[in-house]
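Trainee: I am attaching a structure below and will ask some questions about it afterwards.
Residue numbers (the working numbering): 1027 to 1469.
Encoded structure:
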């Protein structure tokens, strides 16, 4: 048995039980609130705050100081919950909710078994260490069970979760469940912005100067790359060290494969032309299972005329699609993406959460068999088509977990509504000094 674990469990029980501790010492303490015929003293609330701090330390991993600060922030909420618990106990006593000795013994034996406490004597010793007698503990447990029975009798029948509630929760929270994201079969047609010869030459000259600068001092690769990125407002990750594997490299664009297939440790590539500009790579280290490299792109800056030509091409393709021509054949004829062109624009089956956020927003709402409006990027225009959509189903275990979450949400809602009704018919007066920002309430 782990004494620390038992003490934590005991503290969690005392947090609940502290609402019903006798107030014999109240004349030596400061009263901060009145609840019908009972009172709450400052010490009583202080105990709850300290117990909450202890819980934060043991369960949430807070430091002692952090836990005390956080618990103090919750003082108002703890007071509110204490008042509600007091009213629940009062209602249970009024309604004469019955708890038998057998039920009390079952709860004690459950606690002893859970924490492997071998005997009644050992159990009583642990209680005494925390300032409780077995008689007091049994009394507290009885009242706690009375309150629990009252709550369960009033609230439990209302905690009905329908299949439609489970499905709605699933749909609304699927983004938080990566393994439950839709997988889609996607095709694309890419119409590249095509640089003029003068544009190519200007970009090439800048890239050549960049390459020469890197070769003079390759330790400055990242700084040079970041300067280029800032000038052209491209990726902030330019020049950073990238770690990958030979297997992962196969999933990279062709321009990467061209460079990284040949470079050895410390080598810098020649200029490699891509659809977006000229690229420079440098391999820092490579082994059979790992490649560490840096990369920078000197991009084309396309003129309005060059962009307009691509836009007109994309509009013509959309007209052909609307007229019923096959997406696959149009991709083979017009797409500028060399990696997917011959496959009719087939990108493959992708998990939707792995897509660029802007592209995801476009294709997520597309029905199967439908194509998107032209989508413009820095290098060209895309048209997408969803060929198929695979929606993962919930397992039985996942459904039970969601039902548990929804029942807990319903419980909190119903518990609050029920205790609100008790508060509306109770006399409650909270003194201003109870909580620094607390406003007195007098019903």
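The beta carbon of each residue, even a glycine, is placed where N, CA and C say it ideally should be.
(1) Using 8 Å as the threshold, is the C-beta distance between residue 1275 and residue 1283 below it?
(2) What separation, rounded to the nearest whole angstrom, lies between the Cα atoms of residue 1171 and residue 1109?
(3) Looking at residue 1297: is its Cβ nearer than 8 Å to the Cβ of residue 1233?
(4) Under the three-state reduction of DSSP, which class applies to residue 1304: helix, strand or coil?
(5) I need the DSSP call for residue 1310, collapsed to helix, strand or coil.
(6) Helix, strand or coil for residue 1185 per DSSP?
(7) Quick one: complete alpha helix (DSSP H) runs, 4+ long, within the region 1057 to 1105?
(8) Please state whether the Cβ-Cβ distance between residue 1340 and residue 1217 is less than 8 Å.
(9) How about residue 1321 and residue 1304: are their beta carbons less than 8 Å apart?
(10) So, helix, strand or coil for residue 1290, using DSSP?
(11) Counting C-beta neighbours from all protein chains within 10 Å, is the total for residue 1115 16 or more, i.e. buried, or is it exposed?
(12) Who are residue 1335's beta bridge partners in DSSP?
(13) Residue 1260 and residue 1323 look like a contact to me (Cβ under 8 Å); what is the Cβ gap, rounded to whole Å?
(14) Round the Cβ separation of residue 1326 and residue 1225 to the nearest angstrom and send it over; I've been treating them as touching at under 8 Å.
(15) Assuming residue 1332 and residue 1319 form a contact by the criterion Cβ under 8 Å, report the distance between their Cβ atoms to the nearest whole angstrom.
(16) Please report the straight-line C-alpha distance between residue 1072 and residue 1187, rounded to a whole angstrom.
(17) In angstroms, rounded to a whole number, what distance separates the CA positions of residue 1137 and residue 1076?
(18) Might you give, ordered along the chain, the residues of its own chain that have their beta carbon closer than 7 Å to the beta carbon of residue 1452, omitting 5 neighbours on each side?
(19) Reducing DSSP to helix, strand and coil, say where residue 1435 ends up.
(20) Could you pull out every residue in the same chain whose Cβ sits closer than 8 Å to the Cβ of residue 1271, ignoring the five residues on either side in sequence?
(21) Can you tell me where the beta strand (DSSP E) with residue 1320 in it begins and where it stops?
(22) Does the Cβ of residue 1207 lie closer than 7 Å to at least one heavy atom of the ligand SAH?
(23) Under the three-state reduction of DSSP, which class applies to residue 1413: helix, strand or coil?
(24) Going by C-alpha distance, which of 1443, 1344 and 1435 is nearest residue 1407?
(25) Going by CA-CA distance only, name the one from 1338, 1393, 1099 and 1280 that's closest to residue 1413.
(26) So, with DSSP's three-state summary, where would you put residue 1255?
(27) Spatial neighbours of residue 1251 within its chain, please: C-beta separation below 6 Å, excluding the five flanking residues on both sides.
(28) Do residue 1180 and residue 1373 have their C-beta atoms within less than 8 Å of each other?
(29) Starting from the C-beta of residue 1185, find all residues in its chain whose C-beta is less than 8 Å away, skip the five residues before and the five after it, and write them out in chain order.
(30) Return the residue from the list 1442, 1267 and 1404 that minimises the CA-CA distance to residue 1302.
(31) In whole angstroms, what is the alpha-carbon distance linking residue 1448 and residue 1120?
(32) For the beta strand (DSSP E) that contains residue 1211, what are its first and last residues?
(33) Tell me, to the nearest whole angstrom, how far the beta carbon of residue 1128 is from that of residue 1176; I am working on the premise that it is less than 8 Å.
(34) Does the distance from the CB of residue 1417 to the CB of residue 1208 come in under 8 Å?
(35) With DSSP run on the structure shown, which of helix, strand or coil describes residue 1328?
(36) Thinking just about the alpha-carbon of each residue, which of 1103, 1086 and 1087 is nearest to the one in residue 1074?
Mentor: On the basis of the data shown:
(1) Yes. Within cutoff.
(2) Across the structure, residue 1171 and residue 1109 are spaced so that their CA atoms are roughly 18 Å apart.
(3) For the 8 Å CB-CB criterion, residue 1297 and residue 1233 form a contact.
(4) In this structure, DSSP gives residue 1304 an extended state, which the three-state scheme calls strand.
(5) Secondary structure at residue 1310: strand, using DSSP grouped into helix, strand and coil.
(6) In the structure shown, residue 1185 falls within a coil segment according to DSSP collapsed to helix, strand and coil.
(7) Taken in chain order, the complete alpha helix (DSSP H) segments of 4 residues or longer contained in the region 1057 to 1105 are 1068 to 1081 and 1090 to 1099.
(8) Against a cut-off of 8 Å, the Cβ pair of residue 1217 and residue 1340 comes out as a contact.
(9) Remark: C-beta atoms of residue 1321 and residue 1304 do not approach each other more closely than 8 Å.
(10) The DSSP-derived three-state label of residue 1290 is coil.
(11) When all chains shown are included, residue 1115 counts as buried.
(12) Answer is none; residue 1335 lacks a bridge partner.
(13) At roughly 7 Å, the Cβ-Cβ gap stays under 8 Å, so residue 1260 and residue 1323 are in contact.
(14) With 8 Å as the limit, residue 1326 and residue 1225 qualify as a contact, their Cβ atoms being about 6 Å apart.
(15) Not confirmed; about 31 Å, so no contact.
(16) Residue 1072 and residue 1187 have their alpha carbons spaced roughly 38 Å apart.
(17) One C-alpha to the other measures close to 23 Å.
(18) Hits under 7 Å: 1061, 1062, 1113 and 1469.
(19) DSSP places residue 1435 in helix when its eight states are reduced to three.
(20) In the same chain as residue 1271, and ignoring 5 residues on each side of it, the C-beta atoms closer than 8 Å to its own belong to 1315, 1316 and 1317, in chain order.
(21) 1317 to 1325 is the span of the beta strand (DSSP E), which, as asked, contains residue 1320.
(22) In the structure shown, the ligand SAH is absent, as is every other ligand, since no ligand is present at all.
(23) The DSSP-derived three-state label of residue 1413 is strand.
(24) Out of 1443, 1344 and 1435, 1344 has the C-alpha closest to the C-alpha of residue 1407.
(25) Here the closest residue by C-alpha is 1393.
(26) Residue 1255: helix per DSSP, three-state reduction.
(27) If we look at residue 1251 and ignore the five residues flanking it on each side, its Cβ neighbours are 1264, 1265 and 1322.
(28) No.
(29) Cβ within range, chain order: 1433, 1436, 1437 and 1440.
(30) Comparing Cα-Cα distances from residue 1302 to each of 1442, 1267 and 1404, the minimum goes to 1404.
(31) One C-alpha to the other measures close to 13 Å.
(32) According to the DSSP assignment, residue 1211 belongs to the beta strand (DSSP E) that extends over 1209 to 1218.
(33) Contact between residue 1128 and residue 1176 is absent: CB atoms are separated by about 19 Å, not below the 8 Å threshold.
(34) A distance below 8 Å separates the beta carbons of residue 1417 and residue 1208.
(35) Residue 1328: coil per DSSP, three-state reduction.
(36) Nearest option by C-alpha distance: 1103.
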